[in-house]
Each structure stands twice: as C-alpha cells, then as structure tokens.
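First to last, the sequence lines map onto chains V and B. In this text, residue positions in the first sequence follow UniProt numbering: the first is 1, and each later residue adds one. In this text, residue positions in the second sequence follow UniProt numbering: the first is 1, and each later residue adds one. Just so you know, even glycine gets a beta-carbon here, dropped at the ideal spot from N, CA and C.
There are 2 protein chains.
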Amino acid sequence: MRRTRGPHSVSTTPTVYDVAERSGVSIATVSRVYRNPDSVRAQTRERVLAVARDLGYVPSGNARGLASRSTGVLGLCFPDYSDPDAESEAEAGAGGHGDEADDEAAMLYSDQIIRGMERAARRHGYALLIAASLKGGPESLVAKVAGRVDGFAVLARTVPTEELEVISRRQPVVMLAGPRESNDLDHLDHIEVANADGQRELTRHLIEDHGLRRLAYVGFAEESPDVEARFRGYVEACRAAGIEVGAEPDLRVAMMTQAEGARAAEALLDRPGERPEALLFANDQMAVGALHTLDRRGLRVPQDVAVTGFDGIALSRLVRPALTTVRQPMRRMGEEAVELLVRRLSDRAQGKTEDPVSMTLPVSVARRASCGCRAA
Amino acid sequence: MRRTRGPHSVSTTPTVYDVAERSGVSIATVSRVYRNPDSVRAQTRERVLAVARDLGYVPSGNARGLASRSTGVLGLCFPDYSDPDAESEAEAGAGGHGDEADDEAAMLYSDQIIRGMERAARRHGYALLIAASLKGGPESLVAKVAGRVDGFAVLARTVPTEELEVISRRQPVVMLAGPRESNDLDHLDHIEVANADGQRELTRHLIEDHGLRRLAYVGFAEESPDVEARFRGYVEACRAAGIEVGAEPDLRVAMMTQAEGARAAEALLDRPGERPEALLFANDQMAVGALHTLDRRGLRVPQDVAVTGFDGIALSRLVRPALTTVRQPMRRMGEEAVELLVRRLSDRAQGKTEDPVSMTLPVSVARRASCGCRAA
DNA sequence: ATGAAAGCGCTAACAC
DNA sequence: GTGTTAGCGCTTTCAT
C-alpha cells in the first residue's frame, strides 16, 4: 500500500486506493470492477461500487489512458472558419433585432462534419474531441489534440502537412476535404469531395439548360486545392461548350466571406463591357454577399443575372432567391472519417499495415431559384 | 535513466526519454521546453525541438494530465436527441432525392450548444469533448467524460442528477436547460431559459393580437420541467385573458417528434366540439408534424388554424408557413456554460468556494406566418 | 540553466 | 476470484 489517508479525508478527489481501502480489497479489484465486472464476485463488486458511489469516485481518464495506451476518444481539428459577417448577423438575430440571418442559419462546414463524426463515433463507442485552430499557441493545436486521442481527422489547411506527417507515424490521421498534398511520403488517409465534378456539372447546367454563355467566376486568392479544383471544373465545362475562358478566375478574393462576395459582385458589374449573365462563386457565403449587392443595385436574380454558390450550407436555402449550389456531403464525410479511423485502429491493434486510403465522395447540384430553376 | 532503447528504435511512439537521450539532456529539460520554453537556454531548446521533430514526438496528453492534474479540456454530455423522422428526411436529402428537409435543416438543440461552447472554450484555450448518451454502457457516459475533462456541462435529463451530484464534488459541473432539480444538496451550477415567460408571451400574442380564444396545448407525457414550465406560461396567459384552462395540457404525447405532432393534430381535430383556433405545441418538431397533418386535411394555416412551436430550430423557418415560435438562445447557453466552468476552475485553483449559480436566459418570440403575422 | 527523483491514478501481467 | 508489482509518460520540487 502506497498511501493511506485518514478515514474521513474528503479534501482530495478519491482514487482507486481510497476505494480499495474503504472496501477492503486491492486496487486491482477496484480496477476490475470497472474494466471487467464479471471477473469479480458479485458481492465484492457491489461493495466496491457502493463505496465508490459514496466517495464520489470517478476513474481518471488520464491515468487510464496512460496505463492502457488508449483513450476511447477521436479528435477533429478544424480552422477558425467563422465568417465575421455571418457572425454579426447571427448576433443581431440572437439579440432579437431581426429574424433575418438566424443564429441557426449559420451552420457551417465544420458543424456538419462534427455532427457526422459525433454520430459515427458514438456508434463505435468513442467520444469526440473538437478543437479549432487558435493562432499563436506555443504548442500547436494538433499536438494538443493528438496527445489526447486515439486518432483524429483534420480539416485541410488547419495544420502544416509536414506536422501531420510526423504525427501520423504515431497514430491514425485522416485529412478531410483537402488535397492529397504530398507526393509519396504520405501516410495519411484522405477524404475529399468531387469538387471539379460538381462545379463542372453546375456550370454545364447553366450553359446548356439555361442557355447562358457570359459567365464570371470568383475564386480565392490563397492557395486552396479544393477551390482550384472547382475552378478547374468550371473551365472544363466552358471549354466543352466552346466558351472561351482564361486560365484564371475572373476575380480572386482574399477571404471567402459575404462581405468579399458583395465586393466582388460590385467589381464584376463595374467592369467595362457586357454584363455577365451569371456569377459563379467558389462558395455559398460569397454568393449570398453578391445577392445583397445585386439587390441593392436593382438587378433581379435570376432574370438579370444568375448567381451560384458552392457548399450547400443552410444559409443557401434561406436567402431569397434560394441559392443554386453544389451540395457537399459534409456530414457523410465526418462519418467516413470515423469509419476510417476505427478501421485503422483495429488494424494497428492486430499488427496489420495497410496502404493509405484516399476516397472521393460524390456531390450533387441543388437547382434552386438563383439560376432560374424555380420561381424566385 | 529508467529505460534505454537502441539508437534507431522506431517501433514505439517516442517519449520524453527518447528525446532526452538523443538530445543529451534530461527529461526534465525536455518537459521544460514544452511547458516553459523561456526557462531553457535557446540553444538547448532548439536542439531538443529538432530531435523531437524528427523523432515524431508528441507529448502524451494523458501523462500530462495525470502529472499536472488538469486536462485543458471541457466536456459536454447530451442525450441522443435525434428525431427519427428528421433523421430519415435528412438522409433522403443527403442522398440527393430531395431538397426538402435538408441535411442541414436538422440542426438541433445540441448542435447549437456545441457551437457556443466550442467558441467560448477556444477563447479560453480549452478544447471541447462531446459525447451523447448511449444506452447500456457498463460505465455511464458521464463517468467517461468526467474522467477526461476539467469540468463539463450536461444537458438536462441526460444523466441521473444523483450521479452528477457525486461528480460535482470533484469537478465543476453545470446543468443545462434543466430544472434546478434537487432542493438543497445541490452543488451544481445551472443555466436555464425563461420557458414560462416565452410561452406566456406567445400565448398572449395569440390571444390579444390575433383575437384567438379557443386554444389547444400539446405537452409531453414524460416528466420534463422545461416542458412543464412552458405549459405553466400558457396557463398563466390564458387565465390573465379570462380564458378557462384545465390543469393539464389538452394532450400529452409520448415523444416530441414530428410523427407524434402529426398524430396529435389528428387527435385534436377529431375531437368532438368546435375546432380549436390555435394549436400550441411544446416544441417545434411537433408543430412541424402538425403542419403536415393540417395540409393533408385541407386546413389552411393560419386562416383556419394557427400553429405555434417552441425552440426556434432552423427547421422552423424552412417550413411553409414559417413557424411562429419561441426562440431559445441555445448558443449563448453554451457560451455561458463555459464561462461558468472557467470561473469555477479558477476559483478552485485559488481555493475559493462560491455558492452555486443559477441563471435564466431570456427568450424571444419569433412571429412568423403560422400565427398570421406574415403572409403565408 | 539543468538534473535527479518522486509521484500522478490506473492497468496488466503474474502469482496465489 | 483476488492481491502484488511494475510500469505508462509526464510534471515538479529540490538540488546543484
């Protein structure tokens, strides 16, 4: 016995030792009661449980994890995706000023993934640890998460791939929505959506079904493989229809927010030459911003200009006209991520080693009012 | 030195010992490099960091937590709130069959709270561990979460209060949306919303502003303080207007789902006597279900019957007619929960002890089409 | 500025 | 079925 406390010590949080002592068994038995109840005589078990209850004993997850080398927790790291504009509108809504862009309207990317992962994790008996990147921590976010989970998913561009590279030697990591970045020195599993396919199909729809030919594409200034893939799809559809397009989007914005989208629309409309028949945005938030601009300038959507987004966030259905967009199966992505992690974990437990997996989830075009498919 | 491995051992995940050995310092120094970088000479620090990097070293959260008695993680336990109906509709949407009740439409209660907590937690440098109750685990959900976090929030009715009672002696716990259950032996902090106020105000609106007097209220069969409070508000408003009401809701359903709401509407309409002018439901999902029923039976909302919900979930805005409801500030609740936990934690660190806090967040009535406030 | 050593609370052989 | 005994990988005085 390593330690003994008075019979009525209450100050510290109770441990196995306290429970063991008070119930007249060894710490091993206390441990068994929790880990493998059937291996303990019923009577003993009840006694231990009773003592535990009245002592307020809760097994320390840390100690457990340390001793058993596993935590029963999966993780998710995501970037601080918050759109300042969406935020403020949401705040206003919550404050009761308006009904406009509701609190709940702003359910973003990461929320969906969280939902998907949580569900799947629960099915497999795991809990989920979530953490958004916070700039300037001494220890990087991943390290913190990585150290507390059995495996985790990372939304692309949250963390330098190099760092993940290192960590993935230690535990399963799946990269979400990202690029399959590095070439070969890459142990990471990877799930992405068919960005190019989606944008291509949407563009084709605009061209063939609505007969539009003067299109303008708004992309992202930063390097982002997903966004680039979308643009690629756009270009392919245009070329296929014999419409000439440059190698670059008509405009690249610094942030993919509503404000930037609104500004982009201004810029595009103020450009000399014929007005575009359709404005295609690399995400929904920008498209929503553009809707504001067009409304303010007295242009009707879709009669005067069609507008499309990408992502299929909830907000895209709430705006008027409802936004035609490409829906990403983000929830499913979360679920698949967990399935992958769980499989990896059991592989490792059995000493198996399989090659990294890379899967692509299909997307679907949501034809709504902003392209002219439904009454505005 | 407790352990030594060959210079090129790669099999196991590296620890402080490995890093220390390879960089010619003690494990204490390695630890300092991460915990308190400035206390280590720059040159030493760089060397250690370099070795760590190429070894793929990540500090074990478990070991850290065990040694330092804190995890840097806050938790949230919530019940498996999933509405089977909403689920299936969502699945259909995700599968691409329809645009109807979108995946994202189904953003529920818990999602909002998660969002709020995550944001606030991040601000304070914490990560968030989330876990929904899974029936029939050997160890209860809470115990698992409790053992891995510094403090946590629990959605009411997820866990027996008694169990929380015990745990709260050990770490801060805040009860969400619940009742202030026990009487005095209660150390738990507690955040609720003004259920009665909201329902009273909504009811008053129906009576005074729309001149309705034949109302029917649909409640919940299970014991639920929140839902009871809503009913209480309803009763108060009726009495204040001189409308007679019984001590019981006109109907109590077994589950607060869309299907049950639809059934409840049937039942109410089939009742002998004059048809009610308004159907008030204890939550949005039931109200949405009722909308289906009324539509199928050819009754117009709000002309023939007004319908109201409670909660303000995203779906409430998407249905036609949009649902008049009482919006709960669920996101804010999550934020407040974290603030409370963080405060408690710092109190404990300083040896302070304060009385349990109980706060009530205000709600607001969202007047939409289903009560006649806007064009349907 | 750095090292030595004592735990943190639990699990997992291995004995009995 | 139950007890003994090593660790698990880190933080943290206390020395130096």
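- Listed in chain order, the non-local C-beta contacts of Gln258/V below 6 Å within the same chain comprise Asp85, Gln285, Val288, Gly289, local neighbours out to five positions each way being set aside.
- Linking Asp295/B to Ala264/B through their CA atoms gives a straight-line distance of about 14 Å.
- Cβ contact annotation for Glu266/B (same chain, cutoff 6 Å, sequence separation greater than five): Thr293, in chain order.
- Distance check between Thr203/B and each of Thr324/B, Thr15/B, Thr44/B, Ile313/B places Thr324/B closest, using alpha-carbon atoms only.
- Taking the beta carbon of Lys144/B as reference, the chain V residues within 8 Å of it are Gly61, Gly72, Ala127, listed in sequence order.
- For Arg200/V and Leu291/V, the gap between their C-alpha atoms comes out near 22 Å.
- Where Gly75/V is concerned, the enclosing beta strand (DSSP E) starts and stops at 73-78.
- Closer than 8 Å to the CB of Thr325/B there is not a single CB belonging to chain V.
- Counting the other CB atoms within 10 Å of its CB gives Lys144/B a total of 16 or more, which places it among the buried residues.
- Within the DSSP secondary-structure output, Tyr17/V pairs in no beta bridge.
- Glu118/B belongs to the set of residues whose beta carbon lies under 8 Å from a beta carbon in chain V.
- A Cβ-Cβ distance of about 6 Å is found for the pair Cys77/B and Val159/B, placing them in contact under the 8 Å criterion.
- In the DSSP assignment, the residues bridged to Gly151/V are Leu74/V.
- Leu74/V places its beta carbon less than 8 Å from that of Asp150/V.
- In this model, Gly125/B and Ala67/V are separated by some 27 Å (Cα to Cα).
- Beta-bridge partners of Ser364/V (DSSP): Arg327/V.
- Residue contact check for Gly65/V against chain B: a CB pair falls below 8 Å.
- A distance below 8 Å separates the beta carbons of Ala282/B and Val218/B.
- Interface annotation, Thr13/B: in contact with chain V, CB-CB separation under 8 Å.
- With a 10 Å radius around the Cβ and a threshold of 16 neighbouring Cβ atoms, Pro249/V comes out buried.
- Residue pairing for Ser358/B: DSSP places it in a beta bridge opposite His190/B.
- For Leu315/B, the uninterrupted alpha helix (DSSP H) run begins and ends at 315-318, by DSSP.
- In the DSSP assignment, Tyr217/B falls within the beta strand (DSSP E) that extends over 215-220.
- The beta carbon of Ala50/V sits closer than 8 Å to those of Ser23, all from its chain and outside the five residues before and after it, given in chain order.
- If you ignore the 5 residues before and after Ser26/V, its C-beta comes within less than 8 Å of the C-beta of Ala20, all in its own chain and listed in chain order.
- Rounded to the nearest whole angstrom, the CA to CA distance from Val307/B to Ala153/B is 33 Å.
- Taking the CA atoms as reference points, Asn62/V sits about 27 Å from Asp111/V.
- Here Ala254/V is not near Leu212/V, since their CB atoms are 8 Å or more apart.
- Cβ proximity to chain B below 9 Å picks out Arg331, Arg332 from the region 331-345 of chain V.
- Residue burial is scored here from C-beta neighbours: Ser39/V has fewer than 16 other C-beta atoms within 10 angstroms and is therefore classed as exposed.
- When Pro79/B, Ala221/B, Arg64/B are compared, the shortest CA-CA separation from Arg148/V is found for Arg64/B.
- Leaving aside the five residues that flank Arg119/V on each side, the residues in its chain whose CB is nearer than 7 Å to its CB run, in chain order, Glu335.
- In the three-state reduction of the DSSP assignment, Ala127/B falls in the strand class.
- In the structure shown, Arg252/V adopts extended strand secondary structure according to DSSP, grouped into three states.
- By the neighbour-count criterion, in which a residue is buried when 16 or more other Cβ atoms sit within 10 angstroms of its Cβ, Ala366/V is buried.
- If you look at Leu176/V, you'll find it in the beta strand (DSSP E) that goes 173-176.
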